[in-house]
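In our numbering, the protein residues as written are 38 to 131.
Here's what the structure looks like:
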């Protein structure tokens, strides 16, 4: 029976992978609830702004609201960008 010799793991390879992962890692959210709350459905966005889902889709088409497609049918709206849409009527009176 021949004995197998194990070679030492290539530490340089592991260090390189760790450095690569830390360089391209997305910033982590403070909590999981914060990550979930940032994105919502079109229906949730419409309810939040008290408008129809068609209006939210128009906002997305115009580029007023940031949205991403996850798969062929699933669309998520960035709720923070939704809050930035519109302006106060008080500024028009000036």
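For every residue, glycine included, the Cβ atom is placed at its ideal position computed from N, Cα and C. Keep in mind that this is a model prediction, so the values were computed, not measured.
Check each candidate in the options and name the one with the smallest Cα separation from residue i.
i: residue 77; options: 126, 117, 96; result: 117
Please report the Cβ distance between residue i and residue j, rounded to the nearest whole angstrom; I am assuming they are in contact, meaning their Cβ atoms lie under 8 Å.
i: residue 86; j: residue 111; result: Residue 86 to residue 111, Cβ: 20 Å. No contact.
i: residue 115; j: residue 81; result: Contact flag wrong, Cβ pair sits at about 12 Å.
i: residue 94; j: residue 79; result: 7 Å
i: residue 102; j: residue 122; result: 6 Å
Buried or exposed, going by whether 16 or more other CB atoms sit within 10 Å of the CB of residue i?
i: residue 104; result: buried
i: residue 127; result: exposed
i: residue 83; result: buried
Might you give, ordered along the chain, the residues of its own chain that have their beta carbon closer than 7 Å to the beta carbon of residue i, omitting 5 neighbours on each side?
i: residue 90; result: 79, 80, 83
i: residue 106; result: 112
Ordered along the chain, which non-local residues of its own chain (more than five positions away) have a Cβ less than 6 Å from that of residue i?
i: residue 97; result: 104
i: residue 100; result: none
Per DSSP, residue i is paired with what?
i: residue 111; result: 107
Quick one: what's got a C-beta closer than 8 Å to residue i's C-beta in the same chain, skipping five residues either side?
i: residue 92; result: 83, 86
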